[in-house]
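Student: Anchor point for the sequence shown: position 122 equals 207 in my numbering, and the numbering is continuous, going up by one each time.
For each residue, glycine too, the CB sits at the ideal point set by N, CA and C.
This structure is a prediction, so every number in the text was calculated from the model and none was measured.
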Amino acid sequence: MISVGGSRLNVAIEHAEFHLPKQEILDWIRRSAEVVIRYYRRFPTKQAYIGVRAAQGAGVKSGRAIRHGPTVNVSVGVASTVDDLEDDWVLIHEFIHLAFPRVPQRHHWIEEGLAVYVESIARANAGTLTSEQVWRGFVRGMPHGLPRSGDRGLDFTPTWGRTYWGGALFCLLADIEIRKQSGGKMTLRDALRGVINAGFDMTDQVDSLPSVLAVADAATGTAALTGLYERMKDSAEAIDLAALWHQLGIDSQEEKLRFNGHAPLAGMRAAITAVTGTHTHEPDNKDFTY
Ligand SMILES: [Zn+2]
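What follows is the structure in structure tokens.
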């Protein structure tokens with residue numbers, strides 16, 4: 086059992102010949118939880134079951150968050166090193182799923198989009214991913230989220246690209262819009278904290294995404310998420326990514342990424358990936374128990 090941020094994580098590690106000591110696997114789970122706690126101010130659920138299954142090879146192979154429990158199962162290669170676990174994003178992605186209620190299947194893009202977007206931002210805010218790594222990942226990934234011909238909007242186009250990266254692009258645009266509408270005082274993070282503070286988590290099933298977005302908007306005093314959803318839910322709105330990167334001050338050529346500090350939204354781009362303080366209302370780390 087790991088006690089972290091006032092929540093209990095019940096960990097079961099499949100008996101296998103992991104090359105790493107069990108303690109290293111527990112430390113990875115705790116570190117991943119801490120990244121999520123730093124973003125949301127607390128772990129999304131009071132308790133969760135974590136199942137670590139053994140796989141061949143090295144690295145974290147796959148993960149799945151399940152409403153029942155709630156439970157997060159991850160497959161980890163038995164030959165994994167500390168560095169493999171340090172580089173992992175899968176467990177954080179699954180933990181982020183715990184922080185949003187289950188929505189009807191047509192809105193699945195918001196569940197995956199949040200997990201993709203927040204995973205990168207939360208790691209940057211925690212100082213475990215550089216801003217260059219985050220934006221390079223977004224510059225590479227976001228084009229997958231653009232509508233193709235025949236697209237009927239996010240709620241009606243359940244392709245891989247639109248689900249994961251279309252959802253992530255929605256989250257980036259929402260983060261920018263919330264910051265604009267609130268004069269930089271509020272962010273997507275505040276909106277999502279509002280959702281869990283209102284008592285929602287993955288163990289809840291809601292009938293309507295707009296009702297959850299309204300809760301999130303209320304937390305920031307904006308109508309950013311609701312407005313963006315109305316625009317993107319059932320129409321294939323063209324999004325000029327090149328113009329967006331330009332406004333944010335991101336110049337990328339091949340593998341090279343350069344930041345332009347004079348771009349109109351350069352300050353916002355820096356704020357999105359800035360390392361944040363650790364206001365988790367935790368005394369300190371000494372009372373972690375396993
Ligand atoms: Zn996912």
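At the level of alpha carbons, what is the spacing between Phe103 and Arg138?
Tutor: Phe103 and Arg138 have their C-alpha atoms some 10 Å from each other.
Student: Can you tell me which residues fall inside 6 Å of ligand 1, judged by beta-carbon distance to its nearest heavy atom, and keep chain order?
Tutor: A residue is listed when its beta-carbon falls short of 6 Å from at least one non-hydrogen atom of ligand 1; in chain order these are His178, His182, Glu197 and Ala200.
Student: How should Ala301 be labelled, buried or exposed, when 16 other C-beta atoms within 10 angstroms of its C-beta is the threshold for buried?
Tutor: By the neighbour-count rule (16 or more Cβ atoms within 10 Å), Ala301 is buried.
Student: Taking buried to mean at least 16 other C-beta atoms within 10 Å of its own C-beta, is Met86 buried or exposed?
Tutor: exposed
Student: Here's a check: name, in chain order, each residue in its chain whose Cβ is nearer than 6 Å to the Cβ of Ala309, leaving out the five neighbours to either side.
Tutor: Same-chain partners within the cutoff: Ala259, Glu262, Ile263 and Gln266.
Student: Would you call the segment 208-223 in contact with the segment 109-126, where contact means no fewer than 3 C-beta pairs closer than 8 Å?
Tutor: Taking a cut-off of 8 Å for Cβ pairs, the segment 208-223 and the segment 109-126 touch, as three or more such pairs fall below it.
Student: Out of curiosity, what's the CA-to-CA distance linking Ala207 and Leu273?
Tutor: 11 Å
Student: Buried or exposed for Ser293, please, with buried defined as at least 16 other CB atoms from any protein chain shown within 10 angstroms of its CB.
Tutor: exposed
Student: Based on Cα-Cα distance, which residue from Arg354, Thr305 and Leu277 lies nearest to Gly129?
Tutor: Here residue 129 is Pro; the residue named in the question, Gly, does not match the sequence. Residue Leu277 is the option with its Cα nearest to Pro129.
Student: Count the other CB atoms, across all protein chains shown, that sit within 10 Å of the CB of Pro243; report buried if there are 16 or more and exposed otherwise.
Tutor: Sixteen is the threshold: since fewer than 16 other Cβ atoms of the shown chains lie within 10 Å of the Cβ of Pro243, the residue is exposed.
Student: Please state if the CB of Val167 and the CB of Ile135 are separated by a distance shorter than 7 Å.
Tutor: In this structure, Val167 does not lie closer than 7 Å to Ile135 by Cβ.
Student: Quick check on Val96: does DSSP put it in helix, strand or coil?
Tutor: strand
Student: Using the three-state DSSP reduction, which class does Ser205 fall into: helix, strand or coil?
Tutor: helix
Student: How do the segment 332-340 and the segment 228-246 stand: do at least 3 beta-carbon pairs fall below 8 Å, yes or no?
Tutor: no
Student: Val360: buried (16+ other C-beta within 10 angstroms of its C-beta) or exposed?
Tutor: exposed
Student: Just to confirm, are Val148 and Trp194 a CB contact at a threshold of 7 Å?
Tutor: For clarity, residue 148 is Gly in the given sequence; the question names Val instead. Not in contact: Gly148 and Trp194 (Cβ atoms no closer than 7 Å).
Student: For Leu54, name the three-state secondary structure that DSSP assigns.
Tutor: In the structure as shown, the chain starts at 86 and stops at 375, and residue 54 therefore has no counterpart that could be examined.
Student: For Lys341, which residues does DSSP report across the bridge?
Tutor: Gln338
Student: Whole angstroms are fine: how far does the CA of Ala283 sit from the CA of Gln338?
Tutor: 43 Å
Student: Determine, using beta carbons only, whether Lys146 and Ser92 come nearer to each other than 7 Å.
Tutor: Contact annotation: Lys146 and Ser92 have beta-carbon atoms that are not nearer than 7 Å.
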